[in-house]
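*Asks:* Once you know that position 36 of the sequence shown is 35 in numbering that gives the first Met the number 0, the rest is easy, because the numbers rise by one and skip nothing. Quick reminder that beta carbons are idealized off the backbone N, C-alpha and C, glycines included. For clarity, every value in this text was computed on a predicted model and none was experimentally measured.
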Amino acid sequence: MNNISVCGLNCSDCEFYKKTCDGCYAVQGSTFWANESMPNKVCPLFQCAFNERGYESCGDCEELPCALFLQMKDPALSDEEHEKMIKVRVERLKS
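(1) Just to confirm, is the Cβ distance from phenylalanine 45 to cysteine 23 under 7 Å?
(2) Using the C-alpha atoms, what's the distance from leucine 8 back to valine 26?
(3) Return the CA-CA distance between arginine 52 and serine 77, expressed in angstroms with no decimal places.
(4) Taking the C-alpha atoms as reference points, what is the distance between cysteine 13 and serine 36?
(5) Among the residues of its own chain, which have a CB less than 7 Å from the CB of lysine 72, if the five just before and after it don't count?
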């Protein structure tokens, strides 16, 4: 999937890519932010799609976008920006 994460983000667009993060596949979902804020230190979307369901990405799931996908919001985004990014990510994952 090149630089596309399990949730459809383009790692190349991220300011942290290749600085504090090598991408979710490279770190098996244990991204820098998950290490800091998640109880099991793994992104919940990576845990669900890749680890638990054995999917390559959320795009393989019939439930996309599920409640968890919708809930995982970058705190730097407004609600409107978040909704727009969800559409972009879902399209990216489904194509």
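*Replies:* The short version:
(1) Stepping through the sequence shown from its first residue, residue 45 is reached at position 46. Stepping through the sequence shown from its first residue, residue 23 is reached at position 24. Going by C-beta atoms, phenylalanine 45 is nearer than 7 Å to cysteine 23.
(2) Against the sequence shown, residue 26 aligns to sequence position 27. Against the sequence shown, residue 8 aligns to sequence position 9. Distance between the alpha carbons of valine 26 and leucine 8: 15 Å.
(3) As a first step, residue 52 is located in the sequence shown; it is residue number 53 there, counting from the start. As a first step, residue 77 is located in the sequence shown; it is residue number 78 there, counting from the start. Taking the straight line joining both Cα atoms gives about 30 Å.
(4) Sequence index remark: in the sequence shown, residue 13 carries index 14 (1-based). Sequence index remark: in the sequence shown, residue 36 carries index 37 (1-based). The alpha-carbon atoms of cysteine 13 and serine 36 are separated by roughly 18 Å.
(5) Working through the sequence shown from its first residue, we reach residue 72 at position 73. Hits under 7 Å: His81.
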